[in-house]
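Notes follow once the structure below has been shown.
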Amino acid sequence: MAKKTDNSTIRNKRASFDYDLKQTFLAGIVLTGAETRSLREKHGSLQGAFVQLKNDEVWLVNSLATPLKTNIANLPPESQSRDRKLLLKKREIDQLAEAKKQGNTIIPIKFLTKGRFVKVEIAIARGKRKYDKRQSLKQRDQARDARRELKL
Numbered sequence: 005m006a007k008k009t010d011n012s013t014i015r016n017k018r019a020s021f022d023y024d025l026k027q028t029f030l031a032g033i034v035l036t037g038a039e040t041r042s043l044r045e046k047h048g049s050l051q052g053a054f055v056q057l058k059n060d061e062v063w064l065v066n067s068l069a070t071p072l073k074t075n076i077a078n079l080p081p082e083s084q085s086r087d088r089k090l091l092l093k094k095r096e097i098d099q100l101a102e103a104k105k106q107g108n109t110i111i112p113i114k115f116l117t118k119g120r121f122v123k124v125e126i127a128i129a130r131g132k133r134k135y136d137k138r139q140s141l142k143q144r145d146q147a148r149d150a151r152r153e154l155k156l
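Mapping of the sequence shown onto the numbering used here: residues 5 to 156, in sequence order.
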């Protein structure tokens, strides 16, 4: 019998609304066992998280891995939102550093599981201004109205 593949994800829902996403990368992440189990069960959040470059290393800052009731002793409150190292190739780290120099932001989009590994999808992004957000809302409403008209 074939193994069941489960691509459970935790999404950063505000990412596409607050930012104009340009290029995405898939990165590994260094986690403890309790954090891995929590993220597999979708007990985590990327709300307000961002990616930081320190000493040619990439770190995920402000992400939250809330513990399961059975793992609460293994994941104390101070380590729930600790900085987590991301695993990328040197070429990808150089691309991120270059994008950062150009004034772009690097944000996490989602946690996903790939086999037994937990991965993070990150993106090079440019922050939207208020008028950009209004314009994207207007386009979304127009597309919804067009789909509704086609159904009738």
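All C-beta atoms in this analysis are idealised placements derived from N, C-alpha and C, irrespective of residue type, glycine included.
Could you please give the first and the last residue of the uninterrupted beta strand (DSSP E) stretch that includes residue i?
i           : result
residue 88  : 88-91
residue 130 : 121-131
residue 109 : 109-118
residue 13  : 13-15
May I have the straight-line CA-CA distance separating residue i from residue j, to the nearest angstrom?
i           : j           : result
residue 43  : residue 108 : 28 Å
residue 30  : residue 126 : 6 Å
residue 63  : residue 23  : 20 Å
residue 1   : residue 81  : Because the chain spans 5 through 156 in this model, residue 1 falls outside it and cannot be assessed.
residue 101 : residue 143 : 32 Å
residue 26  : residue 103 : 10 Å
residue 45  : residue 55  : 23 Å
Output the boundary residues of the alpha helix (DSSP H) element that contains residue i.
i           : result
residue 97  : 94-105
residue 39  : 37-44
residue 141 : 134-155
residue 24  : Run containing residue 24: none in the alpha helix (DSSP H); it sits in the beta strand (DSSP E), 23-33.
Can you name the residues that DSSP bridges to residue i?
i          : result
residue 57 : 62
- Query: Are there three or more Cβ pairs, one per stretch, closer than 8 Å when the region 89-106 is compared with the region 66-77?
  - Reply: no
- Task: Flag this pair as touching only if the region 129-136 and the region 33-41 have three or more C-beta atom pairs under 8 Å; answer yes or no.
- Result: no
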